[in-house]
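Peer 1: Residue numbers for the sequence shown follow this note's numbering, so the first one is 37 and each next one is one higher.
From the three backbone atoms N, C-alpha and C, an ideal C-beta is built for every residue, glycine too.
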Amino acid sequence: MDRRSQEYQIMRDKALSQLRSGESLTGKDGAFAPLLKEFLEAALDGEMAAHLDEAERRQGNKRNGRGSKRVKTMAGEIEIETPQDRHSSFTPEILRKRETILADNMSSKIISLYGMGMSPRDISAHIEEMYDVEISHNTLSEIIERIVPKVKEWQSRPLESMYTIVWLDAMHYKVKDGGRTESRAVYNVLAVNKDGRKELIGMYVSESEGANFWLSVLTDLKARGMKDVLIACIDNLTGFAEAISTIFPQVIIQSCIVHQIRNSLKYIASKDKKEFMDDLKTVYQAPTLDLAELNLDKLEDKWGQKYPVVIGSWRRNWDKLSAYFAYDEHIRRLIYTTNAVEGFHRQARKVTKTGV
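(1) Just to confirm my understanding: we take residue 145, look at its own chain, exclude 5 residues before and 5 after, and list those with CB closer than 6 Å. What are they?
(2) Could you give the C-beta distance for residue 237 and residue 257, rounded to a whole number, given that I count them as a contact under 8 Å?
(3) State the start and end residues of the unbroken alpha helix (DSSP H) segment that holds residue 175.
(4) Could you work out which residue in 262, 88 and 117 is closest to residue 101 when comparing CA atoms only?
(5) Under a Cβ-count criterion, where at least 16 other Cβ atoms within 10 Å of its own Cβ denotes burial, should residue 108 be classed as buried or exposed?
(6) Please confirm if the segment 302 to 313 is in contact with the segment 247 to 267, defined as three or more CB-CB distances below 8 Å between the two stretches.
(7) With H, G and I counted as helix, E and B as strand and the rest as coil, what does DSSP make of residue 331?
(8) In angstroms, rounded to a whole number, what distance separates the CA positions of residue 79 and residue 197?
(9) Which of the three DSSP states is assigned to residue 249 in this structure?
(10) In the DSSP assignment, what residue or residues form a beta bridge with residue 83?
(11) I think residue 143 touches residue 195, with their Cβ atoms under 8 Å apart; what is that distance to the nearest whole Å?
(12) Considering only residues of the same chain and omitting the five flanking positions on each side of residue 328, which have a CB-CB separation below 6 Å?
(13) Helix, strand or coil for residue 108? Go by DSSP, reduced to three states.
(14) Which stretch, first to last residue, makes up the alpha helix (DSSP H) that contains residue 277?
(15) Sort out for me which residues DSSP pairs residue 305 with in a bridge.
(16) Indicate the three-state DSSP secondary structure (helix, strand or coil) for residue 378 in the structure shown.
(17) Taking all protein chains shown into account, decide if residue 324 is buried (16 or more other Cβ within 10 angstroms of its Cβ) or exposed.
(18) Quick one: what's got a C-beta closer than 7 Å to residue 103's C-beta in the same chain, skipping five residues either side?
(19) Grouping DSSP H, G and I as helix and E and B as strand, with all else coil, what is residue 257?
(20) Go ahead and pull the three-state DSSP assignment for residue 119.
(21) Roughly how many whole angstroms lie between the Cα atoms of residue 233 and residue 96?
(22) Pull up the distance between the alpha-carbon of residue 84 and that of residue 128, whole angstroms please.
(23) Please state the DSSP three-state secondary structure of residue 61.
(24) Thinking C-alpha only, which one of 122, 274 and 359 is nearest residue 242?
(25) Can you tell me whether residue 287 is helix, strand or coil according to DSSP?
(26) So is residue 82 buried or exposed if we call it buried at 16+ other beta carbons inside 10 Å?
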């Protein structure tokens, strides 16, 4: 092993040894909460600027500090600073005065704004659609003027040089385009840095997956400072494994066990699910790779004829599904269990069910 390889191995080992559970991706300190807070405060400021038009100013009305309110969202409870005016005549629309719960569909639309690939026209249409009532062109302009720079700043913020684990997750939403309702996907890049802290490092809008799309995503991440990824946990996203191996040739690909289990259970009869899962757990929770493979053989002997599609999928994808056996129990659980990202997935599934 040459000196460069030795240094690289030391760096990897140190990063993995420091890996810990970190903060949740949801809740007030999670990945989504700051985005919702930032958008709502900017939108309220835009509404206030439009409210304090020339007529209001002639009557002596002007800004009068800020209040605060706690709002329950799909990302947890967040505290919002709300602008106030001297005459108390400001009535916001995005978050009304006594409103303390932000609907999940509103949260999903706000979050999707931060996805790379949305044009200024898309952003404008997206914001206008969020408002249940007709808003003036001036109000919309004031809001967009404040939102777009914040979105762009978040999209281009610098990244750390190394991330120990990266997950790819998609959430879907609907938009109106030319009178038609279309489905779009936002691909979220979730990561754990070398200090064990979880981050949402990127969001990318695309109408389809593929190697070219993922190459553009990885090129953006690299341009923002990401130089190395130790483990990439993916859900068989088309072209991603090949793309990340091209950009980061030393990365270890780990197909997401949770997604594999969910996909398997779609084909298992209700009466068999408990027994099948008990047998399957002996595979992915085995203490060693050798024992896991032995138990996979037993699983196939017992269920292979009845569920050949399910067993075949585990066989075909085994190399990528079993990469985590090279690590200790703590790191394995970060990769294959729901502890690290299940809260995020649960919120993303709420978004997936959201309509226009």
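Peer 2: In short, the structure shows the following:
(1) Along the sequence shown, read from residue 1 onward, the residue named residue 145 stands at position 109. Excluding positions up to five away in sequence, the list reads 166.
(2) By 1-based counting over the sequence shown, the position of residue 237 is 201. By 1-based counting over the sequence shown, the position of residue 257 is 221. The pair is a contact, with the Cβ atoms about 7 Å apart (cut-off 8 Å).
(3) Here residue 175 corresponds to residue number 139 of the sequence shown, with the count starting at 1. Note, residue 175: alpha helix (DSSP H), 173 to 191.
(4) As a working mapping, residue 101 is identified with position 65 in the sequence shown. That would be 117, whose Cα lies nearest to the Cα of residue 101.
(5) Counted from its first residue, the sequence shown places residue 108 at position 72. With fewer than 16 other Cβ atoms within 10 Å, it is exposed.
(6) no
(7) Taking the sequence shown and counting its residues from 1, the one referred to as residue 331 is at position 295. Of the three classes helix, strand and coil, the one that applies to residue 331 here is helix, per DSSP.
(8) Counting from one through the sequence shown, the residue named residue 79 turns up at place 43. Counting from one through the sequence shown, the residue named residue 197 turns up at place 161. C-alpha separation (whole angstroms): 33 Å.
(9) To locate residue 249, count along the sequence shown from 1; it is residue 213. Three-state DSSP puts residue 249 in a helix.
(10) Numbered from its first residue, the sequence shown carries residue 83 at position 47. For residue 83, which the question treats as bridged, DSSP gives no partner whatsoever.
(11) Counting from 1 along the sequence shown, the entry for residue 143 is found at position 107. Counting from 1 along the sequence shown, the entry for residue 195 is found at position 159. Contact doesn't hold; Cβ gap of about 25 Å is too wide.
(12) The residue labelled residue 328 in the question sits at position 292 within the sequence shown. So the list reads 319 and 322, once near-sequence residues are dropped.
(13) The residue given as residue 108 occupies position 72 in the sequence shown. Three-state result, residue 108: strand.
(14) Residue 277 sits at position 241 when you count from the first residue of the sequence shown. Residue 277 -> alpha helix (DSSP H) spans 276 to 283.
(15) As a position in the sequence shown, residue 305 is number 269, starting the count at 1. Residue 305 is not bridged to any residue.
(16) The residue given as residue 378 occupies position 342 in the sequence shown. The predicted position of residue 378 is uncertain, since its pLDDT is 46 and thus under 50; no value can be drawn from it.
(17) Taking the sequence shown and counting its residues from 1, the one referred to as residue 324 is at position 288. Looking at its Cβ environment, which holds fewer than 16 other Cβ atoms inside 10 Å, residue 324 is exposed.
(18) Here the question's residue 103 lines up with position 67 in the sequence shown. The answer, listed in chain order, is 118 and 120.
(19) Position 221 of the sequence shown, counting from 1, holds the residue named residue 257. Looking at residue 257 - three-state DSSP - the assignment turns out to be helix.
(20) Indexing the sequence shown from 1 puts residue 119 at position 83. Looking at residue 119 - three-state DSSP - the assignment turns out to be strand.
(21) Numbered from 1 along the sequence shown, position 197 holds the residue referred to as residue 233. Numbered from 1 along the sequence shown, position 60 holds the residue referred to as residue 96. Approximately 49 Å between the Cα atoms of the pair.
(22) Indexing the sequence shown from 1 puts residue 84 at position 48. Indexing the sequence shown from 1 puts residue 128 at position 92. Approximately 8 Å between the Cα atoms of the pair.
(23) Against the sequence shown, residue 61 aligns to sequence position 25. With a pLDDT of only 47 at residue 61, under 50, the local geometry of the prediction cannot be trusted, and no value is derived from it.
(24) Here residue 242 is taken as the residue at index 206 of the sequence shown, counted from 1. Checked all of 122, 274 and 359; the closest Cα to residue 242 is 274.
(25) Against the sequence shown, residue 287 aligns to sequence position 251. Three-state DSSP puts residue 287 in coil, outside helix and strand.
(26) Residue mapping note: residue 82 aligns to position 46 of the sequence shown, counting from 1. Counting Cβ neighbours within 10 Å, residue 82 comes out buried, since at least 16 surround it.
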